[in-house]
Amino acid sequence: MKNIYRLNKLIALQFILLLVIMGSCELEELEFPNGPTEGVVENASRADIALIAVGVEHNLRNEMGFYYDATGIIGREVYFFTNSDPRYTGEILGKGGSDLDPAGFYGTRPYAGRYATIKNANLLLQALDKSNDVFTDEEKFGITGYAKTLQAYSLLLAANLQYENGIRTDVIDPDNLGDFVAYTDALTDIESLLQDGADDLAQAGTEFMFALSSGFTGFDTPTTFLQFNRGVAARVKLYKGDKTGVLSTINDSHFNLTSDPAELLDGPEHYFSTAGGDLTNPVFRVPNAADPLVAHPDYTADLLIGDTRINKVALRDSEAIKDGLSSDYDVVIYSSLASNIPIIKNEELMLIYAEAHVGTNNTEAITTINLIRSAYGLTVYSGGTTDADVMNEILYHRRYSLFNEGHRWVDMRRLNRLDELPIDRTDDKVHVQFPRPVSEPD
Amino acid sequence: MKHFLLKASLLLMSFMMALTVYAQDRTVSGTVTDLTTSEPLAGVNVIIKGTSTGTITDINGTYSVELKASQNVLTFTFIGFVKQDITLSPSQTTVDVIMEEDVTSLSEVVITGLATSVKRSNLANSVESIDAKSLVGITEQPTMDNALYGKVKGANITSNSGAPGGGISIKLRGLTSINGANQPLFIIDGVYVDNSEISAGLNVVSAASGGGSQSNQDNPSNRIADLNPYDIQSLEVLKGASAAAIYGSRASSGVVVITTKKGKNGRTSVNFSQNIGITTQLNKLGQRTWDADKAETHFGANGRAAFIDAESQGKLHDYEKELYGEQGLLLTTNLSVSGGDEKTTFYTAVTRKKDEGIVKNTGYDKTSVRLNLTHDITDWLNIEATTNYISSSADRGFFNNDNSGTTMGISYVGTPVFAQLFADAEGNYPDNPYAASNFLQTRDLVTNNEAVNRIIVGTKISARLFKTDKMSLRLIARAGLDNYNLATTAIFPNTLQFQKNGNGLNGVSIQGNTVNKNTNFNAFLVHDFFPNQSLSFRTQFGITAENFDQNTILGTASNLNGSQTNLDQAGNQQIDQNRIIQKDRGFFAQEEVNYEDKIIGTLGIRGDKSSNNGDANKMYYYPKGSMALNLHNFNFWSVDFMNQLKLRVAYGEAGNFATFGDKYTFFNNAIIDGTPGWVINNKRGNGNVGPERQSETEFGFDMSFLSNKLKFDVTYYIQNITDLLLTADVPNSSGFTRQVTNAAELQNKGIEIGLNWNIINTSKFNWNFNTNFWKNQGKITKLNVPSFTTGGFADFLGQFRIKEGRSPSEIVGIGPADQQDEDGLVVYGDSEADFNMSFTNSFTYKNFELSFLFHWKKGGDNINLTQLLSDFSGTSYDYDKIDLDPEGQLGNGDFRQASFLNTTAPFVEDAGYFRMREIGLFYNIPRTALKDLADIRIGFTGNNLINSFKYRSYDPEVSNFGGKGLSSGVEVTPFPSSKRYNFHINVSF
């Protein structure tokens, strides 16, 4: 017995020793197993930088479905009837005088999506700056020009949502975000960021060191990407009312006066696909679905006879009714979940070009409009030639050519004509802008 | 030498005690030995019952005591051993007693620590112990957690839906975390058991996270449901940090310690039981009475025509009956064999369970096999092994919120009775013109299955390293493994209305595979020291290591090739992988002091570090201390009718980890046009994230009257939770949308009262009555971020608000300006109950037993969106009833729609209920009637047979978002809950 106790005391001593050893051992910091952490930016390889660059284009599409739906509904272009969420026919249309919710997903998610793109581009710029791998100057300018252009485009859409609430344009340091700047100042910042990007792209040689999707076919070299950059710049200048600026910029873009319906659509696009891991077109809905995206009844009512843009909508088998609203037409702009969505079409550049001539050269504006009319099966413009007449005509084509691409509401707002948008139910109202997201303290 | 001193003092003590005994009629003597070691036990108290006089055993375990003629009962007590009363025959002068270690007597011993247990009468905490009889004795239980309803004071248990196979959330003493898990830690025979809810990836079809809410609404079951309630010998619920501090950083939501059955030395016993039952929908709602005008109002001219056609052809259908009206068959078979000899015992059991649901093609099928062994290698070395294999399969249907209109729940509420959804003779289902899905087709063709293969193994080695007459040192080492494979299979064939012809993705097959492996290793030294017969010390020191590794691979294929469902038989595939790895290391030390069972004090500390914390090597410390005062054991105690009065106070701290990954900012893989890229995740990592810390102080008293026939206990607790983790919104312009931070403090205060009264106890008739009352009130005491709303869909649909000075479960919404507070919101309720009460009555009359358990939840509100969604299609059952509109003008359906976007008031409803949770009537066939061959017990039982509530839906007990965080009590077209009727037969040999 005594021997056993002695043996056991020995075991006990050993155990205590073991405890001391185990207690002092370090627990290793675990690598995050599900993906690279932000730390990759500190010492990124060429391959890492190419991956982050591709991520920027991927993010460019992020939450854009909400952007198109919400701006289209407020702009009285479309309705979305769904059993799952009553807000689409509720507060977005200002039902009963209701306001938009600062926490409403329809406003916060597209806003956050734009800034996620900007963040990815900032990380790209930081990674490039800190990388120990070798890059040629041309490669570096390619990356910075690409990043700045897409940041500027994203800021522009954020400004479209927030309008007079202003936006932050300096968001490099998440712990020290820049102040909100007023809408017009934001446009100036965007314009200058575009110019920086353009300057970089001009020195970026003949190819990018990363891949762009086929959505950017024709715009996937620094030279052609620069055209896209200038197209966006023309849009910004138009929003600013800088018509001279528009005309001096637009020729460096992919602007091309044409009446060929296919060439009207030239321009970079958001790529969509049903392939695994990719994103599908968020605006596409199957015709005659029970949860349909339908055209506002005025779309067909106001359309000129013979205008082939009737093809953007299709007559439903039965009328869609929801919440006191109804429509006979589905929105069929896109044919499938794999259809691309245009970012800036030649058609829009032509309309920008025409609008920039209103008041100075209405004839040139009308000539341009007639190219578009002809492309859509309409006879030449025979209306009045006053500035207001021509502007109305341009607005008509902006409405139908850019249908549900996020323009109608923005156009009516910048032209102070929101009160002309139809009110479908008593006490509905047209919102001027999205409230500043609840996450953004002043 | 020192032995001599001890011997001398013991002898002296005995002598002095003996002197206090009066004139004697006889002397009784004997030896007391330990059952497991057969060695003599020194220091055992030998008391003459009914007096305070007696003696203690000496070093050889012998004693001698003098009794008067009128005295004939001796009580033997020794810490850690079962108390024994020995009645002497008039002439008896020798009594040798064998004392048994107090491990089986569950009402007496409570397992509160990692290695040791405490006599309940010495416990300083309110710890609930549930034994096998109250777990599964009244009625058959669908899952283990289901069996706890109403039986644990302070536990709020909510069934997330009625889908077979579980999905239950347990909250102990209110909300203890807003962000992280509120679920207690489950430990079974020393094994840390995983209780994950793992999503089956249904979002690709339901798009539930596509709109306002980004959380998981897949309605998965929680993995604790795998456990077989029949194997459980006892279950202890440590409700807060004061009791659970020794479990450290995982224990702030409480700990449920489960001990499974072990064999006993002696005759082999065989027990067979069979349950047969049915389950039906608990509460049918029906649909409003339609007419042609109403049909036109809601569905236009086509609606009118459809109604007129359907009515004239007698084709108005009760789709509720069609969808939820199945009478599911419930079958449970259990066979257990246990026994053993002096060295080895065993318990083995097989349980087969096959439950059908109230929706066709749903059900739960489980096989559980258990083998528990104990073996004494030598007199000082014992090993114990517990092994449990579980194979289960749950078909859960397709319910809850979506943004695609496709779940059965959503499409059901969108469909009026005049819709024609039945398949034709060839099996072709017509499209549902009123919703995105023909739910009958969905029911018949969709698969949503969770299949689990799980093995839980625990090993325990106990060694008594040395033992002297004053002290002993034991080593207890434990290793545990919980390893399971969960296969989720969700198949949406391309013939479905919402998958064919370009609707949806032309068929989706989602196959998930999760491998979960938890291992834990603990080793403890327990040192018991008895310097004299009135004092004892127990010192423990231990180290713990827990490793968690969960790897989920989810394959999603769409554009399926015809009826093929393999992932490779499809046009598009996507693979997602998510790994969760965590390593925790810790130690603990504890000192217990017991003075004559009169004053029992404990001090302890646990230290923990974890790879989940911002700094993996930072040690977090959790102290505890407690004291119990057994006034009835003091000499001055002379209250005859009251045989126990214990005052107790306990303090402890415990933690709760941040969710895995909260400390990292990381890139997700993203593919565009076949090229992979990296996109930054929208959650910003927080390198400083640490565990939440709960400090709890608990006060209480236990009283017993009338020879323990009436027991009464009251506990009051205050919990302060600091470093509360919040998923705070961050300015979206940073490129991130959220970040987890330790940014708030929460306080819970509550009271728990228990009363147990054995009202009648005769040889023929026994009536036992038990009632529990519990109430908790939570308050956010500090908030470092602006107040925010969360846990629902949008403010106007009702959300929970986190705001300093307010209850964390407060429900707010929009409303009239004059009712708005400074946030512009109106408070409409609180999901926390005003109080809960449960009442259990057990009657035994001859061979009959009748037991029933009522549960009353007073108050507590839900956000009920099912009726609103129904209103939009005019299908709600109370659409035309007028009892909501204060002006008595509008029907409820119109009133709710008119309120929509103006006020949230009608969507927040009282979710209180009064229900008979369990009832069981049994008859025990006398053994004599069966020639002593077997005991046979037969009975009829039921769950949820009586229900009373005002709530306007299937059941106020519901959760769209599963068991996580705040969000219980949000309802969106769930799988309706059910009631169960069972017939039982139990045979034991």
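Just so you know, the sequences run in chain order A and B.
For the first sequence, the residue numbers in numbering that gives the first Met the number 0 are 0 to 441.
For the second sequence, the residue numbers in numbering that gives the first Met the number 0 are 0 to 988.
Every residue gets a Cβ at the ideal spot worked out from N, C-alpha and C, and that includes glycine.
Out of A:Leu127, A:Thr205, A:Asp100, point me to the one whose CA is closest to A:Gln161's CA. Put simply, of A:Leu127, A:Thr205, A:Asp100 the residue whose alpha carbon is nearest the alpha carbon of A:Gln161 is A:Asp100.
Could you check whether the Cβ of A:Thr273 sits closer than 8 Å to any Cβ belonging to chain B? Judged by the 8 Å Cβ criterion, A:Thr273 is in contact with chain B.
In terms of residue numbering, what span does the beta strand (DSSP E) encompassing B:Phe271 cover? Taken as a continuous stretch (DSSP letters only), the beta strand (DSSP E) holding B:Phe271 covers 265-280.
Taking 8 Å as the CB-CB cut-off, is B:Ile670 touching chain A? Yes - at least one Cβ of chain A is within 8 Å of the one on B:Ile670.
Under 8 Å by beta carbon: chain A residues contacting B:Gln888: Counting only Cβ-Cβ distances below 8 Å, B:Gln888 has no contacts in chain A at all, with the closest Cβ about 17 Å away.
Please state whether the Cβ-Cβ distance between B:Leu435 and A:Ala319 is less than 8 Å. In the sequence on display, residue 435 of chain B carries Ala and not Leu. A distance of 8 Å or more separates the beta carbons of B:Ala435 and A:Ala319.
DSSP on A:Tyr78, reduced to helix/strand/coil? If DSSP states are grouped into helix, strand and coil, A:Tyr78 belongs with the strands.
Whole-angstrom Cβ separation of A:Glu363 and A:Leu264, contact assumed at under 8 Å? Not really, about 22 Å apart at Cβ, beyond 8 Å.
Residue interval of the beta strand (DSSP E) (run including B:Glu545): Annotation for B:Glu545: the continuous beta strand (DSSP E) segment containing it runs 534-559.
Along chain B, in chain order, which residues have C-beta atoms closer than 9 Å to that of A:Ile51? Going along chain B in sequence order, the residues near A:Ile51 (Cβ under 9 Å) are Phe666, Gly676, Trp677, Val678, Ile679.
Would a C-beta distance cut-off of 8 Å place B:Ser337 and B:Lys260 closer than the cut-off? Cβ distance < 8 Å, so B:Ser337 and B:Lys260 count as in contact.
Between B:Ser212 and the rest of its own chain, which residues show a CB-CB distance below 6 Å, the 5 nearest in sequence each way excluded? Caution applies to B:Ser212, whose pLDDT of 44 falls short of 50 and renders its modelled position unreliable; the value that the coordinates give is listed next. Within the same chain, Cβ atoms closer than 6 Å to the Cβ of B:Ser212 are found at Phe792, the five residues on either side in sequence being excluded.
Taking DSSP as the reference, what is the three-state secondary structure of B:Ile409? Note: B:Ile409 maps to helix in three-state DSSP.
What would DSSP say about A:Tyr67, mapped onto helix, strand or coil? If DSSP states are grouped into helix, strand and coil, A:Tyr67 belongs with the helices.
Check each residue of the region 864-890 of chain B: if its Cβ is closer than 9 Å to any Cβ of chain A, include it; give the result in chain order. Those residues of the region 864-890 of chain B that come within reach of chain A (Cβ to Cβ, closer than 9 Å) are Leu867, Leu868, Phe871, Ser872.
Residues bridged to B:Leu854 by DSSP? In the sequence as presented, Leu is not what sits at residue 854 of chain B; that position holds His. B:His854 is bridged to B:Ser837, B:Arg914.
Since B:Val269 contacts B:Ser987 with CB under 8 Å, what's their CB separation in whole angstroms? Right, their Cβ atoms sit about 7 Å apart.
Interface residues of chain A around B:Asp728 at Cβ under 8 Å? The CB of B:Asp728 comes closer than 8 Å to the CB of Val437, Ser438 in chain A, given here in chain order.
Straight-line Cα distance separating B:Asn400 from B:Lys682: Taking the CA atoms as reference points, B:Lys682 sits about 24 Å from B:Asn400.
Would you mind reading off the limits of the alpha helix (DSSP H) that contains B:Phe529? Not the alpha helix (DSSP H): B:Phe529 falls in the beta strand (DSSP E), residues 507-531.
Which of helix, strand or coil does DSSP assign to A:Ser153? Reduced to three states, the DSSP call for A:Ser153 is helix.
Which partner residues does B:Pro622 have in the DSSP bridge list? Per the DSSP secondary-structure output, B:Pro622 pairs in a beta bridge with B:Ile604.
In chain order, what residues of the region 167-185 of chain A put their CB closer than 8 Å to some CB of chain B? Those would be Arg167, Val170, Pro173, Leu176, in chain order.
Is there a Cβ of chain A sitting closer than 8 Å to that of B:Arg683, yes or no? The beta carbon of B:Arg683 sits closer than 8 Å to some beta carbon of chain A.
Spell out a yes or no on whether the region 268-284 of chain B and the region 293-301 of chain B are touching, meaning 3 or more CB-CB pairs, one atom from each, closer than 8 Å. Contact fails: fewer than three Cβ-Cβ distances are below 8 Å.
Assuming contact is defined by CB atoms lying nearer than 8 Å, are A:Asn226 and A:Asp251 in contact in what I supplied? Sequence check: residue 226 of chain A is Gln here, not Asn. Yes, Cβ-Cβ distance for A:Gln226 and A:Asp251 is below 8 Å.
Per-residue DSSP class, three states only, for B:Leu226: Shown here, B:Leu226 sits in coil according to DSSP, grouped into three states, outside any helix or strand.
Euclidean distance between Cα positions of B:Ser806 and B:Val203: One Cα belongs to B:Ser806, the other to B:Val203, and the distance between them is close to 35 Å.
Give the single residue among B:Ala933, B:Ser967, B:Leu920, B:Asn959 whose Cα lies nearest to the Cα of B:Tyr980. Measuring from the Cα of B:Tyr980, the nearest candidate turns out to be B:Leu920.
Kindly say whether B:Thr115, judged by its beta-carbon, lies nearer than 8 Å to any beta-carbon of chain A. It does not: the Cβ of B:Thr115 has no partner Cβ on chain A nearer than 8 Å.
Can you give me the start and stop residues for the beta strand (DSSP E) that A:Thr222 sits inside? Careful: A:Thr222 lies outside any beta strand (DSSP E), inside the alpha helix (DSSP H) at 221-239.
Kindly confirm or deny that the region 63-71 of chain A and the region 403-412 of chain A touch, where touching means at least three C-beta pairs closer than 8 Å. Segments in contact, yes.
Beta carbons nearer than 8 Å to chain B: which residues of the region 81-105 of chain A have them? For the region 81-105 of chain A, which is checked against every Cβ of chain B, the residues closer than 8 Å are Thr81, Asn82, Ser83, Asp84, Pro85, Arg86, Gly89, Glu90, Lys94, Gly95, Ser97, Asp100, Ala102, Gly103, Phe104.
If contact means a Cβ-Cβ distance below 9 Å, which residues of the region 790-810 of chain B contact chain A? Answer set for the region 790-810 of chain B: Phe792, Ala793, Asp794, Phe795, Leu796, Gln798.
Would you mind working out which of A:Gly96, A:Gly71, A:Pro85, A:Arg75 sits nearest A:Lys428, comparing C-alpha positions? Nearest option by C-alpha distance: A:Gly96.
Three-state secondary structure (DSSP) at A:Ser191? If DSSP states are grouped into helix, strand and coil, A:Ser191 belongs with the helices.
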